[in-house]
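J.:
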Amino acid sequence: MQLSKEQQQKLLDHLKTNTSLSGIASDGCPACGEQDFHVQDRLCYMPGLSPEGEVSLEKGFPQAVVLCSSCSYSLTFNVAAIDEIDFG
Ligand SMILES: [Zn+2]
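In our numbering, the protein residues as written are 18 to 105.
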């Protein structure tokens, strides 16, 4: 699923306001120290596991990927749990 520029910016603003994660909140990327992060323009999907431990798409959830613009250090966030932004 493609994210609009507005959705990407809203997510980045939301994370800057609601997390204290290194890098996003201005401490710098934990891998390279740069402070410029951006949101990947499309969501990805993390599969879950069935009770038997098998890979299950039904147990998974959509993820937004936030990357350091310098070294591509990546963080993922479950967008199904972020009610403040409409991801469609
Ligand atoms: Zn970095």
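We put the beta carbon where it would ideally sit given N, CA and C, even for glycine.
How about residue 49: is its Cβ closer than 7 Å to a heavy atom in ligand 1?
T.: Locating residue 49 in the sequence shown gives position 32, counting from the first residue. Yes, since a heavy atom of ligand 1 falls inside the 7 Å radius drawn around the Cβ of residue 49.
J.: Can you round the beta-carbon distance between residue 62 and residue 79 to whole angstroms, since I take them to be within the 8 Å contact cut?
T.: The residue you call residue 62 lines up with position 45 of the sequence shown. The residue you call residue 79 lines up with position 62 of the sequence shown. 6 Å between Cβ atoms; contact.
J.: Alpha carbon to alpha carbon, how far is residue 56 from residue 44?
T.: Your numbering for residue 56 matches position 39 in the sequence shown. Your numbering for residue 44 matches position 27 in the sequence shown. Rounded to whole angstroms, residue 56 to residue 44 spans 18 Å at the Cα level.
J.: Considering only their Cβ atoms, is the gap separating residue 73 from residue 84 smaller than 8 Å?
T.: Within the sequence shown, the letter at position 67 stands for residue 84. Within the sequence shown, the letter at position 56 stands for residue 73. No; because the gap between Cβ atoms is not below 8 Å, this pair is not in contact.
J.: Report whether the distance from the Cβ of residue 91 to the nearest heavy atom of ligand 1 is below 7 Å.
T.: For the purposes of this step, residue 91 is identified with residue 74 of the sequence shown, where counting begins at 1. No, since every heavy atom of ligand 1 falls outside the 7 Å radius drawn around the Cβ of residue 91.
J.: At which residues does the beta strand (DSSP E) containing residue 19 begin and terminate?
T.: In the sequence shown, the residue the question calls residue 19 occupies position 2. Counting along the chain, residue 19 falls outside any beta strand (DSSP E), and DSSP gives it neither H nor E.
J.: Counting only the same chain and skipping the five closest in sequence on each side, list residues whose C-beta sits under 6 Å from that of residue 104.
T.: Against the sequence shown, residue 104 aligns to sequence position 87. Counting only Cβ-Cβ distances below 6 Å, and skipping sequence neighbours, we find 96.
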